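Please read the structure below before turning to the comments.
In the working numbering, the protein residues as written are 12 to 751.
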């Protein structure tokens with residue numbers, strides 16, 4: 012109640028009270044003002060005649076205080092303002108605009124006691140509370156067709172389109188600007204609060220044509236880059252052409268605000284280029300192309316500047332830099348169009364990244380932060396539902412959290428496209444429960460069904476944190492799996508454990524089991540083909556405990572061991588170092604090699620036959636160069652001295668001996684050797700930004716050595732023969748000398 016009417020009642024004393032009770036001075040009737048407020052005392056005016064003067068005046072004062080708390084009643088504004096009819100029939104647009112202008116001057120709130128018809132835009136340009144007596148009722152499968160509005164705005168006619176956003180990037184005046192929008196309620200102030208009313212877009216409930224959308228308006232509630240906007244028990248219903256709730260995040264601190272209906276710039280006292288802190292509690296959207304649309308600036312990858320049509324200037328592109336953090340929904344119901352005819356508004360194209368179809372919520376905006384995207388959104392116990400192609404569509408969005416939310420297709424056999432074909436609710440025409448792009452990151456789900464993030468609509472680069480998944484809407488199954496991209500301890504050790512000592516800890520890639528940590532150690536599963544262990548950068552450090560060796564096995568058998576004292580075969584005299592077809596290039600040692608020479612390890616011990624020494628005497632020493640050294644170094648290849656193996660074979664053959672029966676000569680054949688090709692790939696660690704190299708097996712084989720054979724000798728035994736020959740020849744010389 013306004014101050015003038017309050018003073019009038021007080022000045023009339025008991026007569027004034029009786030005048031109120033008799034209806035001579037208008038106040039809210041019980042029917043008009045009955046709401047959910049526990050302080051609603053208006054009904055007490057009905058028995059004022061039974062009270063004494065002091066108690067009557069006290070009741071009037073209390074009632075006046077309660078009514079003042081709600082603000083200016085648009086039906087009974089202060090004189091000389093003309094009240095809105097609030098009858099759901101009469102056009103109240105001009106009356107409401109005038110009352111709002113007065114409320115802005117008086118820093119007052121606004122009270123809507125019923126349904127006001129509007130045919131033009133309503134602007135909220137100052138911080139205030141706008142409150143009704145309840146939004147309405149009707150939450151059925153028929154959608155908004157059965158909805159009954161209680162208070163708020165019934166929007167009719169054709170809305171006037173005006174430019175209000177700067178979403179598209181413009182380099183010059185020649186490039187297109189944003190399409191003009193017609194909006195019913197335009198919020199252009201910080202900390203505005205809406206409570207307990209509905210914004211309903213009129214349509215013919217008897218018209219079941221799939222193309223009937225009623226009155227022609229784009230947006231129900233538009234928030235023009237303003238912070239800490241709060242909605243409580245607000246419903247926006249009707250077939251809005253763009254969105255039920257539209258949050259603009261395209262203002263820039265170096266640009267002026269757009270103009271209001273009177274041609275004056277909107278208030279820019281705080282000059283914030285974002286919309287942090289917006290909150291929706293117990294709200295509902297049904298019928299808009301998007302239930303919620305968070306629309307940020309589309310930036311250029313090559314041009315850091317922006318042409319502004321309002322000022323005609325080219326300026327640094329700061330649009331939306333402040334972002335849209337701390338956006339929160341609590342226990343809301345957000346639907347897409349979901350037309351009462353059960354036809355989709357738009358048929359899906361199959362290209363989820365570029366489709367212009369709608370759904371329950373779309374978030375896409377730039378911000379000046381580490382992800383270049385709007386971030387920090389929380390949705391608690393909110394339903395996102397639509398049989399349109401999308402439910403939740405995320406593009407440039409990060410740290411979006413869903414706690415106990417319900418996301419559903421609203422699928423059914425009777426859902427159709429505009430061309431009459433059935434909606435299949437398959438990946439070809441329905442883009443999953445939550446879709447993302449390469450610009451999306453850190454999507455957190457708590458208590459959300461497991462396994463319903465479709466890989467087809469969520470790039471692998473997006474970090475999904477699915478904690479405590481519950482039953483899936485694709486079936487009745489449940490899971491006790493914890494699905495996340497990473498696990499870490501905030502301090503101290505990280506304790507991973509299985510149920511019992513005999514129960515392994517299993518590691519999977521996708522659905523395939525790859526590694527098992529059991530009581531015996533780390534097991535690479537058979538699903539691995541030729542597994543490898545490699546370091547992305549730097550050395551690979553393998554170590555055992557002090558005093559314990561590193562052991563190598565093939566199957567269950569050990570074949571080699573490393574310890575601080577030696578590198579040795581695991582079993583005696585069973586393992587070679589290298590082979591004829593896989594040789595070491597050089598052996599470096601501090602001392603000579605040690606060979607077994609124990610008599611107890613040998614048999615058939617005899618002197619060397621003269622015929623063998625005679626054959627050996629015909630083996631010539633040579634100088635030579637190795638082919639591979641010449642191939643590599645050319646003339647700079649060094650000259651070596653030694654014995655040609657084939658010379659041994661030939662010399663022994665001339666004496667009727669087979670040199671291969673002696674340990675000095677060998678010839679080994681080998682099969683062709685192949686290995687799986689690997690491709691080196693640079694991998695950037697998302698957390699540290701460091702680049703390391705990993706090796707991916709291609710599945711193709713490459714030949715690293717052809718089949719062949721090669722002669723070899725044992726140089727130490729050759730030298731033994733040479734020494735024996737020299738000893739014999741020396742002995743003979745001495746004998747000849749004695750004879751002489």
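The C-beta atom is built at its ideal place from N, Cα and C for all residues, glycine as well.
No experiment lies behind these values; they were computed from the predicted model shown.
For residue 627, DSSP records no beta bridge to any residue. Per the coordinates, the alpha-carbon of residue 724 lies some 39 Å from the alpha-carbon of residue 690.
Taking C-beta atoms under 8 Å as the contact rule, residue 103 and residue 128 qualify, at a distance of about 6 Å.
The alpha carbon of residue 350 has as its nearest neighbour, out of 220, 737, 198, 124, the alpha carbon of 220. In chain order, 115, 199, 200, 271, 277, 278 place their CB closer than 7 Å to the CB of residue 136, counting only its own chain and leaving out the 5 sequence neighbours on each side. Listed as beta-bridge partners of residue 98 by DSSP are 126. Cα atoms of residue 138 and residue 454: separation of roughly 33 Å, rounded to the nearest angstrom.
Around the beta carbon of residue 388, 16 or more other beta carbons lie within 10 angstroms, which makes this residue buried. Per the coordinates, the alpha-carbon of residue 324 lies some 52 Å from the alpha-carbon of residue 500. Spanning the alpha carbons of residue 680 and residue 715 requires a straight line of approximately 16 Å.
DSSP places residue 668 in no beta strand (DSSP E); its state is neither H nor E.
In terms of CA proximity to residue 457, 476 leads the group 443, 476, 449.
Inside the stretch 335-414, DSSP marks no whole alpha helix (DSSP H) run of 4 or more residues.
Relative to residue 415, the option among 112, 478, 441, 405 whose CA is nearest is 478.
Here residue 704 is bridged, per DSSP, to 693.
According to the DSSP assignment, residue 104 belongs to the alpha helix (DSSP H) that extends over 104-117.
9 Å or more divides the Cβ of residue 165 from the Cβ of residue 110.
Annotation: the continuous alpha helix (DSSP H) that includes residue 644 extends over 638-644.
Approximately 4 Å separates the beta-carbon atoms of residue 168 and residue 130; this is inside 8 Å, confirming the contact.
With 16 or more other CB atoms across the displayed protein chains lying within 10 angstroms of its CB, residue 247 is buried. Residues of the same chain with a CB within less than 6 Å of the CB of residue 170, apart from the 5 flanking positions on each side, are 193, 228 in chain order.
301 is the residue among 242, 238, 301 whose C-alpha sits nearest the C-alpha of residue 257.
Within the same chain, and ignoring the five residues on either side of residue 363 in sequence, the residues whose Cβ sits closer than 7 Å to its Cβ are 442, 446, 468.
The C-beta distance from residue 619 to residue 735 rounds to 5 Å, short enough to meet the 8 Å contact threshold.
With three or more CB-CB distances shorter than 8 Å, the stretch 331-341 counts as touching the stretch 279-290. Pairing residue 149 with residue 155 gives a Cβ-Cβ distance under 9 Å. Relative to the Cα of residue 664, the nearest Cα in the group 173, 365, 625, 412 belongs to 625. Under a 10 Å Cβ-count criterion, residue 578 is classified as exposed, with fewer than 16 other Cβ atoms of the shown protein chains found around its own Cβ. Of 113, 143, 215, the smallest CA-CA separation from residue 158 is found for 215.
Less than 9 Å divides the Cβ of residue 516 from the Cβ of residue 528. The C-alpha of residue 407 lies about 12 Å from the C-alpha of residue 380. Rounded to the nearest angstrom, the Cβ distance from residue 306 to residue 176 is 7 Å, consistent with a contact under 8 Å.
Secondary structure of residue 187 (DSSP, three-state): coil. In this structure, the beta-carbon distance from residue 570 to residue 585 falls below 9 Å. For residue 327, the uninterrupted beta strand (DSSP E) run begins and ends at 324-327, by DSSP.
The shortest CA-to-CA distance from residue 181 to any of 143, 151, 261 is the one to 261.
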